[in-house]
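In UniProt numbering, the protein residues as written are 1 to 427.
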Amino acid sequence: VILLYFDRNLSLSTTHTLSGRFSTMWTIVLAVLMALLIVATVVGNALVMLAFVVDSSLRTQNNYFLLNLAISDFLVGAFCIPLYVPYVLTGRWTFGRSFCKLWLVVDYLLCTTSVFNIVLISYDRFLSVTRAVSYRAQQGDTKQAVFKMAMVWVLAFLLYGPAIISWEYISGRSIIPDGECYAEFFYNWYFLITASTIEFFTPFISVAFFNLSIYLNIQRRTKARLDVVHEAQNQNFVEEIEMSPEAQLSMKCCKWEQRDLAETLGVPKWDAQEESSKESTNVKYSSTESSGFTGSKAKLFIKKNYKHSTSTLSLEKRMKVASQNMSQRFRLTRDKKVAKSLAVIVGIFGLCWAPYTLLMIIRAACHGHCVPEYWYETSFWLLWVNSAINPVLYPLCHHSFRRAFVKLLCPKKLKIQPHSSLQKCWK
Numbered sequence: 001v002i003l004l005y006f007d008r009n010l011s012l013s014t015t016h017t018l019s020g021r022f023s024t025m026w027t028i029v030l031a032v033l034m035a036l037l038i039v040a041t042v043v044g045n046a047l048v049m050l051a052f053v054v055d056s057s058l059r060t061q062n063n064y065f066l067l068n069l070a071i072s073d074f075l076v077g078a079f080c081i082p083l084y085v086p087y088v089l090t091g092r093w094t095f096g097r098s099f100c101k102l103w104l105v106v107d108y109l110l111c112t113t114s115v116f117n118i119v120l121i122s123y124d125r126f127l128s129v130t131r132a133v134s135y136r137a138q139q140g141d142t143k144q145a146v147f148k149m150a151m152v153w154v155l156a157f158l159l160y161g162p163a164i165i166s167w168e169y170i171s172g173r174s175i176i177p178d179g180e181c182y183a184e185f186f187y188n189w190y191f192l193i194t195a196s197t198i199e200f201f202t203p204f205i206s207v208a209f210f211n212l213s214i215y216l217n218i219q220r221r222t223k224a225r226l227d228v229v230h231e232a233q234n235q236n237f238v239e240e241i242e243m244s245p246e247a248q249l250s251m252k253c254c255k256w257e258q259r260d261l262a263e264t265l266g267v268p269k270w271d272a273q274e275e276s277s278k279e280s281t282n283v284k285y286s287s288t289e290s291s292g293f294t295g296s297k298a299k300l301f302i303k304k305n306y307k308h309s310t311s312t313l314s315l316e317k318r319m320k321v322a323s324q325n326m327s328q329r330f331r332l333t334r335d336k337k338v339a340k341s342l343a344v345i346v347g348i349f350g351l352c353w354a355p356y357t358l359l360m361i362i363r364a365a366c367h368g369h370c371v372p373e374y375w376y377e378t379s380f381w382l383l384w385v386n387s388a389i390n391p392v393l394y395p396l397c398h399h400s401f402r403r404a405f406v407k408l409l410c411p412k413k414l415k416i417q418p419h420s421s422l423q424k425c426w427k
């Protein structure tokens with residue numbers, strides 16, 4: 001839609017236009033769409049920030065990085081887009097040169113911060129999957145998380161801020177005409193290719209690497225788990241129990257399928273006492289001189305052929321293995337969810353940022369003559385659309401955020417029906 005109206009209206013004559021750029025009808029349509037984008041961006045990211053206030057369980061190290069992203073996206077909707085709306089509708093910047101520089105610094109800062117936050121979130125997810133033990137040990141260290149968040153803002157400012165502020169003083173003149181607002185380096189191909197490499201290409205390659213590493217790690221763990229399960233299923237459990245005729249051994253066994261097992265194996269007589277539950281038998285070994293086993297050790301092989309036949313030691317071992325298996329399965333399921341949510345966030349990031357970055361480089365190379373204005377404007381707005389989409393991705397990909405949103409939007413339903421209302425309220 002944006003592409004169509006930019007394509008059409010930039011070729012319209014100045015008849016029936018406001019300030020010579022758009023017709024009255026399209027000005028109203030554009031204003032409504034931009035207002036909706038502002039509301040969606042501000043409200044969505046405000047909900048994410050409020051979620052941290054009402055739900056203390058969200059205040060973990062990895063969620064702090066999501067909070068940092070929400071702050072930058074919120075400021076995009078509250079400051080950057082509203083000031084750009086009259087500029088794009090009228091085609092003229094009316095706030096002065098100094099305020100133009102301020103707007104440019106903030107806009108480049110916030111957009112770059114969003115990118116670096118996504119890299120930080122991806123790296124954090126990478127550590128949570130590939131280095132789970134050390135990662136969990138650092139979850140309570142909020143100082144380290146705050147330091148990383150602060151560094152994101154500092155690096156984002158250093159990338160574009162000094163250039164926007166001092167470019168015209170270093171070059172000795174300004175190339176920006178009156179009534180327009182864009183960076184002095186807008187057509188400098190060398191600066192843009194360098195900045196784009198730092199702002200988009202390197203981050204995109206990094207998050208792709210983290211995402212691929214997580215995927216391979218999950219695949220390897222899944223294969224290892226299946227191998228263990230397969231080996232356990234095909235293993236013929238054989239317990240070799242050594243007994244001396246002088247010792248008396250008491251152990252609990254499951255009910256024998258064949259009652260004449262002792263006679264078949266030629267083992268001395270067993271004194272069995274069935275308990276009232278009839279689920280187990282208390283078996284005692286009785287030594288006798290005439291058994292033929294005096295002075296030697298009797299070996300009893302209990303095989304899986306006899307149903308439920310196992311010693312207490314074997315049962316505890318198998319329960320321990322089962323517990324470890326369930327723990328691994330839980331962590332594997334959790335990591336799969338992490339990988340899916342990360343893939344969605346990274347995919348949306350690439351779709352929103354790639355067109356603008358590529359067109360900006362091409363535009364600078366040909367000094368603006370080979371890229372139509374409407375293509376550039378459309379790709380430019382995609383950056384801000386990304387800020388509106390991010391808060392929607394959180395509840396879709398994270399149950400904890402979804403529950404916190406329900407606390408904010410449907411608190412009464414959550415108290416009455418805590419389980420069923422979660423899905424209904426979100427829908």
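Backbone N, C-alpha and C define an ideal beta-carbon position, used for all residues, glycine too.
Since the model is a prediction, treat every value here as computed from it, not as a measurement.
Residue 155 has its alpha-carbon roughly 26 Å from the corresponding atom of residue 214. By the Cβ neighbour-count rule, residue 98 is exposed, with fewer than 16 other Cβ atoms within 10 Å of its own. Membership of residue 150 in the alpha helix (DSSP H) is indicated by the continuous run 142-171. Annotation for residue 64: the continuous alpha helix (DSSP H) segment containing it runs 61-75. Only residues of its own chain outside the window of five on either side were considered, and among them 139 have a CB closer than 8 Å to the CB of residue 60, listed in chain order. About 22 Å separates the CB atoms of residue 345 and residue 408; that is not less than 8 Å, and the two are not in contact. In this structure, residue 354 keeps its C-beta atom at 7 Å or more from the C-beta atom of residue 37. Membership of residue 93 in any alpha helix (DSSP H) is not indicated, and neither H nor E is assigned to it by DSSP. Residue 174 sits in coil when the DSSP states are folded into three classes, being neither helix nor strand.
When secondary structure is reduced to three states using DSSP, residue 116 falls in the helix class. With distances taken between CA atoms, residue 141 lies nearest to 62 out of 410, 62, 382. At a Cβ-Cβ threshold of 7 Å, residue 203 and residue 133 do not count as neighbours.
Judged by DSSP in its simplified three-state form, residue 405 adopts helix. In this structure, residue 404 lies near residue 58, with their beta-carbon atoms less than 7 Å apart. Counting the other Cβ atoms within 10 Å of the Cβ of residue 22 gives 16 or more, which makes it buried. The way I'd put it, the region 46-56 doesn't touch the region 89-104; fewer than three beta-carbon pairs between them come closer than 8 Å. Here residue 100 carries a helix assignment [DSSP, helix/strand/coil].
Counting along the chain, the unbroken alpha helix (DSSP H) around residue 196 starts and ends at 189-196. The residue from 220, 170, 39, 113 with its alpha-carbon nearest to that of residue 198 is 113.
Here DSSP, grouped into helix, strand and coil, assigns residue 124 to helix.
With a cut-off of 8 Å on Cβ pairs, the region 70-77 is in contact with the region 37-51, counting three or more such pairs. Nearest neighbour of residue 110 by Cα position, chosen from 83, 122, 79, turns out to be 79. Note on geometry: alpha-carbon atoms of residue 343 and residue 149 lie some 22 Å from one another. In the three-state DSSP reduction, residue 372 falls in the coil class, being neither helix nor strand. Annotation for residue 64: 142, 145, 146, 149 place their beta carbon closer than 8 Å to its own, counting only its chain and skipping 5 residues before and after. Minimum Cα-Cα distance from residue 182 among the listed residues 172, 101, 152, 210 corresponds to 101. Nearest in C-alpha terms to residue 209, of all of 194, 385, 124, is 124.
Here residue 357 is not near residue 206, since their CB atoms are 7 Å or more apart.
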